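Asks:
Numbering (our numbering), first residue to last: 52 to 190.
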């Protein structure tokens, strides 16, 4: 796991996670608080954006379920740039396909219990001819 990918390997667009009609799960089990002593990849925070690929889907919604994380990580959620109060763990939430979720994961110092996972999908209509899908295939 490289420092800049926060658990996303071979991802097309940085820390953007694209929803598809099939439910997918993203899991990070190696988030660590950054100090000079840790030899594993470490971060101060990882920020993930869940959305549909640009131009890839119309109508419908993007769905996200944040599973309850281990005690060594705190998750923060924004929907369309607005902070959400307490994260609604284990409940499916949604925004329009033209909108997005941002999840920020912040590890606690000296903790190895930092695993977390999120399920995501869309029920939008796929635009088969959207250029983004060819780019994703090439990547």
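Glycine included, each C-beta is placed from N, C-alpha and C at the ideal position.
For clarity, every value in this text was computed on a predicted model and none was experimentally measured.
Is the separation between the beta-carbon of residue 99 and that of residue 158 shorter than 8 angstroms?
Replies: As a working mapping, residue 99 is identified with position 48 in the chain shown. As a working mapping, residue 158 is identified with position 107 in the chain shown. No.
Asks: Can you tell me whether residue 143 is helix, strand or coil according to DSSP?
Replies: On the chain shown, position 92 is the one that residue 143 refers to. Correct three-state label for residue 143: strand.
Asks: Residues bridged to residue 67 by DSSP?
Replies: Taking the chain shown and counting its residues from 1, one reaches residue 67 at position 16. Answer is 100, bridged to residue 67.
Asks: May I have the straight-line CA-CA distance separating residue 81 from residue 120, to the nearest angstrom?
Replies: Position 30 of the chain shown, counted from the first residue, corresponds to residue 81. Position 69 of the chain shown, counted from the first residue, corresponds to residue 120. Straight-line Cα distance between these residues: approximately 12 angstroms.
Asks: Using 8 angstroms for Cβ pairs, my map puts residue 177 next to residue 76. What's the rounded Cβ distance?
Replies: Taking the first residue of the chain shown as position 1, residue 177 is located at position 126. Taking the first residue of the chain shown as position 1, residue 76 is located at position 25. No, residue 177 and residue 76 are not in contact; Cβ-Cβ is about 20 angstroms, not under 8 angstroms.
Asks: Leaving out five residues before and five after residue 174 in sequence, what residues of the same chain have Cβ atoms less than 8 angstroms from its Cβ?
Replies: By 1-based counting over the chain shown, the position of residue 174 is 123. The residues are 72, 111, 112 and 114.
Asks: Classify residue 107: buried if its beta carbon has 16 or more other beta carbons within 10 angstroms, exposed otherwise.
Replies: Here the question's residue 107 lines up with position 56 in the chain shown. So residue 107 counts as buried.
Asks: By DSSP, does residue 112 sit in helix, in strand, or in coil?
Replies: For the purposes of this step, residue 112 is taken as residue 61 along the chain shown, with counting starting at 1. Strand at residue 112.
Asks: Residue 187 by DSSP, collapsed to three states: which one?
Replies: The residue labelled residue 187 in the question sits at position 136 within the chain shown. In this structure, residue 187 counts as helix in the three-state DSSP scheme.
Asks: Once DSSP output is grouped into helix, strand and coil, what is the label at residue 120?
Replies: Translated into positions along the chain shown, residue 120 becomes position 69. Coil at residue 120, not helix or strand.
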